[in-house]
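First up is the structure itself, then whatever we jot down about it.
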Amino acid sequence: MRTAIIKILAGLLYVVLAFFISAVIKPVNLFWAWSSGWLFDLLWRHQLITDTYEWGMDPPGTIMLVLIVLAIAWLLARGVKVLRAKMGL
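For the sequence shown, the working numbering assigns the number 153 to the initial residue and increments by one for each residue that follows.
Written out as structure tokens, the structure is:
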């Protein structure tokens with residue numbers, strides 16, 4: 153039970169760190185802005201977003217932010233796992 157709680161807390165920490173990385177590190181932030189714009193154009197071309205789209209709601213930006221944060225959190229978790237294996241913990 154204790155290890156499950158530690159894994160859940162570690163996962164939350166990875167997600168928080170991933171949000172921080174995506175907000176602070178400029179290349180990641182620029183990639184998010186570019187990819188969300190690209191996704192918006194793609195959805196607009198295929199008419200999945202119509203003229204009732206409101207700029208306050210940004211589904212493409214949210215989708216790309218979630219994907220980027222999950223990818224960064226996964227990379228952090230893999231990095232920590234490899235580091236712990238090399239240290240013998």
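Quick reminder that beta carbons are idealized off the backbone N, C-alpha and C, glycines included.
- Three or more Cβ pairs closer than 8 Å define a contact, and the region 180-192 falls short of that threshold against the region 229-239.
- Residue burial is scored here from C-beta neighbours: I160 has fewer than 16 other C-beta atoms within 10 angstroms and is therefore classed as exposed.
- A residue is called buried when at least 16 other Cβ atoms come within 10 angstroms of its Cβ; A162 does not meet this threshold and is exposed.
- Where G213 is concerned, the enclosing alpha helix (DSSP H) starts and stops at 211-239.
- If you draw a straight line from the Cα of D193 to the Cα of M153, it comes to about 46 Å.
- Rounded to whole angstroms, the gap between the alpha carbons of W186 and L217 is 11 Å.
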